[in-house]
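Each position in the sequence shown, counted from 1, maps to that position plus 89 in my numbering.
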Amino acid sequence: MYAVEYQKAKSAADASGLIAKSGGRALAGGQSLIGAMKLRLAQPGTLVDLAGIPELAGIRVESGTLSIGAMTRHADVAGSADVKRTIPALAALAEGIGDRQVRNMGTIGGSLANNDPAADWPAAVLALGATVITHQRRIGASDFFKGMYETALAADEIITAVSFPVPRKAAYVKFPNPASRFALVGVFVAQLADGSARVAVTGAAPSVFRAASVEAALAKAFTPDAAKAAHVDAAGLSSDLHASAAYRAHLIPVIAARAVAAA
Ligand SMILES: Cc1cc2nc3c(=O)[nH]c(=O)nc-3n(C[C@H](O)[C@H](O)[C@H](O)COP(=O)(O)OP(=O)(O)OC[C@H]3O[C@@H](n4cnc5c(N)ncnc54)[C@H](O)[C@@H]3O)c2cc1C
């Protein structure tokens, strides 16, 4: 590591101001950022700690939506009675992230801001049509994820919470890399309150995306067989040492079918 300035913000607006002034970065649980700094993939001169900012904490259920504060740790989502009651798929997703240490430090806001191509939270946000709330504005899921490690956030914009509309049913299933537990392919399926089917895929491409062919199949029949029969084109999917694009394309309907069965 190299020497960095450490500052503790009092509010989201304060954090934004400190970042704008210093050119630094927000620090949530450090589960991605500190690793990136050790590898010199990120070299901020200042870290602005978001821990302890009251407006970034808490899980609330209010008229058809579940709101999760940006600094909520994965372990707290996994253990939340409110989450288990309203959208149990989110508790299960959080429980499947990394290992116990990562779940005890990593946050939903940090995961979304980081937008790792294999992260789990982006699939839930996109499939459920959630809203990412920052200290300045509300960003719909379809406009939030821009590409590999890229989002609609400005450099000094702080996520304060994520608001999920409660669906009729939903489930997330991932085919995990056995070492990191990151998704080789992860599929979040949802039947929304209006009856429409949404399917978001992570791990398979440079950024999370909706699987149109699986959604079309589930619009006709929300069944595992319908999902499994859908065809997903390998064009544009990722090939790496873990799996080819063709293998990932094959996995998507298979995993989607398991998710529909679980939902
Ligand atoms: C061994 C290991 C295994 C993992 N396995 C998985 C897995 O299976 N699935 C999975 O989804 N993830 C996995 N992760 C990543 C983990 O989920 C992290 O929680 C996530 O990457 C973000 O970390 P963090 O919350 O600590 O954010 P940090 O690392 O502190 O920050 C990440 C980025 O987000 C920015 N940021 C943080 N909070 C905010 C905010 N509120 N507003 C604006 N910007 C913000 C930071 O400036 C930084 O750029 C794993 C990580 C490790 C180390």
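The beta-carbon is built from N, C-alpha and C at its ideal position, and this holds for glycine as well. Keep in mind it's a predicted model, so treat the numbers as computed, not measured.
Residue i: CB within 7 Å of a non-hydrogen atom of ligand 1
i	result
Met194	yes
Phe311	no
Leu128	no
Ala202	yes
Arg287	no
Gln120	yes
Arg270	yes
Arg187	First, the amino acid is wrong: residue 187 is Gly here, not Arg. Yes, Cβ of Gly187 sits closer than 7 Å to a heavy atom of ligand 1.
Ala117	yes
Leu145	yes
Arg114	yes
Gly292	no
His163	yes
Val191	yes
Ala159	yes
Cβ distance (whole Å) where residue i is taken to contact residue j below 8 Å
i	j	result
Ala385	Ser169	There is no way to answer for residue 385, as the model of the chain reaches only from 90 to 352.
Arg257	Ala282	6 Å
Phe271	Ala348	With a Cβ gap of about 17 Å, Phe271 and Ala348 do not count as contacting.
Ala104	Leu139	6 Å
Leu145	Met160	4 Å
Leu179	Ala279	Rounded, the Cβ-Cβ distance is 11 Å, inconsistent with contact.
Leu307	Val288	7 Å
Gln96	Met194	Not quite, the Cβ-Cβ distance comes to about 19 Å (not below 8 Å), so this is no contact.
Ile148	Leu201	Ile148 to Leu201, Cβ: 16 Å. No contact.
Gly153	Val303	At roughly 25 Å, the Cβ-Cβ gap does not stay under 8 Å, so Gly153 and Val303 are not in contact.
Ile108	Ala244	7 Å
Ser327	Pro295	7 Å
Gly124	Asp209	Actually they do not touch by this definition, with Cβ atoms about 17 Å apart.
Three-way DSSP call (helix, strand, coil) for residue i in this model
i	result
Val349	helix
Ala260	strand
Asp322	coil
Gly158	strand
Glu144	helix
Gln190	helix
Pro211	helix
Ile176	coil
Phe271	coil
Ala104	helix
Asp138	strand
Lys110	helix
Ala201	Inspection of the sequence shows that residue 201 is occupied by Leu rather than by Ala. Three-state result, Leu201: helix.
Phe233	helix
Ala125	helix
Pro342	helix
Ala117	coil
Residues bridged to residue i [DSSP beta-bridge criterion]
i	result
Val150	Leu155
Val251	Ile157, Val221
Arg287	Ala279
Lys97	Asp138
Glu304	In the DSSP output, where bridge partners are listed per residue, Glu304 has none listed.
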